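The structure appears below as structure tokens.
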Amino acid sequence: MTGEKKTVAIIGLGRFGQSMALELMADGAEVLGIDNDPNVVQQMNNRLSHVVRADATNPEVLEQLDILDFDRIVVAIGNHLESSILVTSYLLRQGVTNIWAKAVSEQHGIILQQLGVEKVVFPERDMGKRVAHLLQGGLQEYIQIDRNCVTVMSSAPRVFVGKDVRPRQLLQQYGLAFTAFKDARGQWHHLPESMRVEATDTVVFSGPPQQVEQFARQYL
Ligand code: ADP
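First residue of the sequence shown: 1, per UniProt numbering; consecutive thereafter.
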């Protein structure tokens, strides 16, 4: 692996692994993808820096691929629980600390965390939660930063339309940080001192989940 590109090894090129691998490639990373399914490997060939068909539970395979030299290793095997755990525990035994792993259930996540995985991601669970918030209407984006902070995107709140709003004042009034406004021309205004809001505008704001939900129910 050469240059200053981030090098990422993705073990398991299912829907999650593939979409992450392609996004990383688009961001200019060097990506090695490993999967034991020949159809998957054929599909991804030439789309990643390297694609290898191999059983990742075989330690020799991972050694030959110099997997330990990668900046980050992602175990994106979800539904094959045994493989996910075998691969992860092998990597941890080799002293790898920079592992991210996908969990398909809470129990799977607990095992990965107990093994010592640096970051466990729950794509299905988190996407389900996000969509639930969007389904209730009003919000176009909902990103949970942590338990006490979410960032959302929505159309212009009704109470703002036709008015000059000041983010500093909005913070005092609603306890929410309005950080960006998109006007009808598609131009973003970040933390403006003051902003004339039209009905077609879009806003981004952050705050505690309950406060954000309450504001959305009342004003969107
Ligand atoms: P998704 O839900 O993102 O599609 P899956 O868990 O269903 O994820 O897919 C994981 C991928 O990991 C599959 O493409 C599968 O072929 C691959 N995989 C499973 N076990 C191994 C293994 N031992 N070695 C390499 N690849 C594996």
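In this text, a Cβ means the ideal position worked out from N, Cα and C, and glycines have one as well. This structure is a prediction, so every number in the text was calculated from the model and none was measured.
I think residue i touches residue j, with their Cβ atoms under 8 Å apart; what is that distance to the nearest whole Å?
i	j	result
V204	T179	5 Å
R53	D35	7 Å
L86	R47	Contact doesn't hold; Cβ gap of about 27 Å is too wide.
L176	G207	4 Å
D201	A156	4 Å
Where does the unbroken alpha helix (DSSP H) through residue i begin, and where does it stop?
i	result
K6	Taken as a continuous stretch (DSSP letters only), K6 belongs to no alpha helix (DSSP H), as it is neither H nor E.
F16	R15 to A26
E63	P59 to Q64
I need the boundaries of the beta strand (DSSP E) containing residue i, first residue and last residue.
i	result
I77	No beta strand (DSSP E) holds I77; DSSP gives it neither H nor E.
R53	H50 to R53
G33	E30 to D35
G207	T202 to G207
Please tell me whether residue i and residue j are closer than 8 Å, where the distance is taken between their beta carbons.
i	j	result
L68	L32	no
L115	L81	no
V150	P59	no
E30	S49	yes
Select from the options the residue whose C-alpha is nearest the C-alpha of residue i.
i	options	result
F160	Q172, D126, C149 and E198	E198
R72	T88, T151, D55 and R185	T88
F215	I145, S154 and G162	S154
T57	Q144, Y90 and M25	Y90
V61	M25, L24 and A9	A9
- Three-pair Cβ contact test at 8 Å for the segment 12-25 versus the segment 75-95: yes
- Between the segment 189-196 and the segment 160-167, do at least 3 Cβ pairs fall closer than 8 Å? yes
- When the Cβ atoms of the segment 135-142 are set against those of the segment 114-122, are three or more pairs found closer than 8 Å? no
- Query: Any chance the segment 91-106 sits against the segment 128-136, with 3 or more Cβ pairs inside 8 Å?
  - Reply: no
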